[in-house]
Structures are given as C-alpha cells and as structure tokens.
Amino acid sequence: MNITLRQLHVFQSVAATHNFSRTGDAVGLTQPAVSRSINELESQLGLKLLNRTTREVTLTDAGQRLAARLPRVLEELDNTLLDVRGMATERRGRVRVASSPTLSANLMPDCIAQCLQTLPGLELVLLDRIQSAVLASVLSGEVDFGVVIDPGEREALECETILTEPFCLACPPSHRLARKRHVRWADLAGESLVLLDHASGSRRLIDRALADHAVPHTVAQEVGHPTTIFRMLDAGLGISVIPTLALPPEGLARLVVRPLVPRVDRDIVLVHRRNRALAPVAQAAWDLVREVAAQRLR
Numbered sequence: 004m005n006i007t008l009r010q011l012h013v014f015q016s017v018a019a020t021h022n023f024s025r026t027g028d029a030v031g032l033t034q035p036a037v038s039r040s041i042n043e044l045e046s047q048l049g050l051k052l053l054n055r056t057t058r059e060v061t062l063t064d065a066g067q068r069l070a071a072r073l074p075r076v077l078e079e080l081d082n083t084l085l086d087v088r089g090m091a092t093e094r095r096g097r098v099r100v101a102s103s104p105t106l107s108a109n110l111m112p113d114c115i116a117q118c119l120q121t122l123p124g125l126e127l128v129l130l131d132r133i134q135s136a137v138l139a140s141v142l143s144g145e146v147d148f149g150v151v152i153d154p155g156e157r158e159a160l161e162c163e164t165i166l167t168e169p170f171c172l173a174c175p176p177s178h179r180l181a182r183k184r185h186v187r188w189a190d191l192a193g194e195s196l197v198l199l200d201h202a203s204g205s206r207r208l209i210d211r212a213l214a215d216h217a218v219p220h221t222v223a224q225e226v227g228h229p230t231t232i233f234r235m236l237d238a239g240l241g242i243s244v245i246p247t248l249a250l251p252p253e254g255l256a257r258l259v260v261r262p263l264v265p266r267v268d269r270d271i272v273l274v275h276r277r278n279r280a281l282a283p284v285a286q287a288a289w290d291l292v293r294e295v296a297a298q299r300l301r
C-alpha cells in the first residue's frame, strides 16, 4: 500500500472534526484536497472509512477502528523520527580511534584530555598500533577512524590532513653536527643512523628524503619507538632523523636537535573508510582531533 503520512493526518483530523472544511483549515489544505486525500486513502485500503452526506460526516466501522489506533501509531512514529533526528547533534557514546605509536604518545593524549573536558559524554577509546595495523583496522570497520602518517595509497580511504611537520636531526651534543644551527641532508653522508623501522609511516618518507639527496649512510639500528632511539643516541650508537612531533614537550636533556634543510615534511592525516559516513558522535571526535592538531600550529 502506498499510504502517505499526510493522508493519515488528514483522516485523523476529519475523524476528530467530522467536517472537511475545518480539517482543511487545520492542515492547510483546501476542501477538495481534503476530499481527494480521503478518497486516495480509502482506495489504498480498499474500503470506506467515512460516510459522507451533505449534512454530516460519520465514521464507518473500519474508520472507527483506524481512528482509535491511529493517534498512538502516529505519536510513536513522531517520537521515532525526533529521536533519529536528534542523532545529528548526538555527542554521547564510544568512539574507537587507532593511531600509530608516535601519534599515540604525542598527539592523542591531548585529544583525550580535551575530549574529557569539552565532550564529557563521549568516550574516546585509543588503539595504539603500527601504521599498517591502523589502516587495516580502519578498512575492516574495527575502529571509527584512524590517525596516521600520510598513507600514500588513498583509494579506499577518505583522508584529511590536519598537521604538517618537518623532520629534524637528533644527535649527542659532542657530535660534529651539533655545532651547526641548521644541518643539510648532505651533511649526514657517511653517518650511522638509528631510525624508526619500516612499520612506521615515517620511515618511507625518511628513506625517500635520503635517496633524493643522495646521502650515503649506514642504518645502525631500526626500532619501533622514538624513545628507544633517544636512549640509543645517549649510548653513542649514532644519530637520527626524527619527526618533530616525536620530541617530548620537555625537550631532550642529553641530546641536541637541529632543523634539517631543505625542509622535508610529513603529513598527519585522519582517515576513515571511503563511502562510509561517520556517525555524528564519531564526527565530533574527528573534529576534536583536528582542532587539537590545529592548536599546535598557533
């Protein structure tokens, strides 16, 4: 049956007023339009709902049965639609976010703290994973969205860059490059480098920069987290190229950090599955992460 809400509301008004003219005034229709709406409803149901004469309008048995049940049905439908419409501004619920280790350690704590302060009804659950696992969890639907280094391949992803930051050099203060205010990529020639391993989204970018600048080097160690790199540099095992965001807020007491020129950046990107809209509560979390990242640029 192709029955419309307007037809049901018109019938409900006629059942209450027993008058087509007053119904028209109540629902904003002309009397012929009210009559046509009732005729269409009766046609869809295959029976008469009203007995109409020039003097009165009365309900048939079928009309009485429909009129008795209709208010409850329409009220429930209205409540359901209002509830669904309320989802557009819903800010309560759990949002699962995956991020790679350097971002989990140096960006996401501020996001979680900001969420607790400004969106207390939203629970931000963080999954700390290597970048390939973050992307896999996004594509599988295990998480609502991910925070990663530029993934390169974006065919299956919706992406938004929220932060761009440069790579820099970290070395012991006794190293020859520590005396420079700026270090050129070519100055790294012949050095032993302690780098993030290939599970990191940054390693691909670092290797490309070294190749672009034709820097001969030795990879002394490959590790999974910047904190490990810093300890190895403290022990005199080499120097490192690291993203700026990997530096702790309090700085590095026993190491020197220098800008690398020409500047090479990495993009921090929010990702979710292409053609899969974020739920409103997840969109609120996405917007919050974007805002916290933007605060770092101010």
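Count along the sequence shown from 1, add 3, and you get the number used in the working numbering.
Yeah, the Cβ is synthetic: ideal placement off N, Cα and C, and Gly gets one too.
- In the three-state DSSP reduction, G27 falls in the helix class (H, G or I).
- In the assembly as shown, L110 is a buried residue. Its beta-carbon has 16 or more other beta-carbons within 10 Å.
- The Cβ atoms of D237 and P169 do not sit closer than 9 Å to each other.
- Beyond the five residues adjoining it in sequence on each side, Q47 comes within less than 7 Å, by CB distance, of M4, N5, I6 in the same chain, given in chain order.
- Of the residues assessed, Q298 falls on the exposed side of the cut-off, its CB having fewer than 16 other CB atoms within 10 angstroms.
- Under the 10 Å beta carbon count, H178 is surrounded by 16 or more other beta carbons and is classified as buried.
- Three or more beta-carbon pairs drawn from the region 275-292 and the region 142-158 are found closer than 8 Å, and the two stretches are therefore classed as touching.
- With 16 or more neighbouring CB atoms inside 10 Å of its own CB, E194 falls in the buried class.
- Burial is judged here by how many other beta carbons sit within 10 angstroms of a residue's own beta carbon; P246 has at least 16 and is buried.
- The straight-line gap separating the alpha-carbon atoms of P251 and V259 is approximately 13 Å.
- Taking the Cα positions, S102 is about 38 Å away from N82.
- When S243, R75, L62, S24 are compared, the shortest CA-CA separation from A181 is found for S243.
- Annotated three-state conformation of R55 is strand, per DSSP.
- Taking C-beta separations shorter than 6 Å and ignoring five residues to either side along the sequence, T121 has no partners in its chain.
- Cβ-Cβ distances below 7 Å link R9 to S40 in the same chain, with the five nearest sequence neighbours on each side left out; the list follows chain order.
- E126 and L69 have their C-alpha atoms some 45 Å from each other.
- With contacts defined by Cβ atoms closer than 9 Å, G227 and S205 do not form a contacting pair.
- Looking from the CA of R75, the closest CA among P265, L11, L191, T105 belongs to L11.
- A Cβ-Cβ distance of about 16 Å is found for the pair L199 and T221, leaving them out of contact under the 8 Å criterion.
- If you draw a straight line from the Cα of L80 to the Cα of D28, it is about 24 Å long.
- Boundaries cannot be given for V218, as no beta strand (DSSP E) includes it and DSSP labels it neither H nor E.
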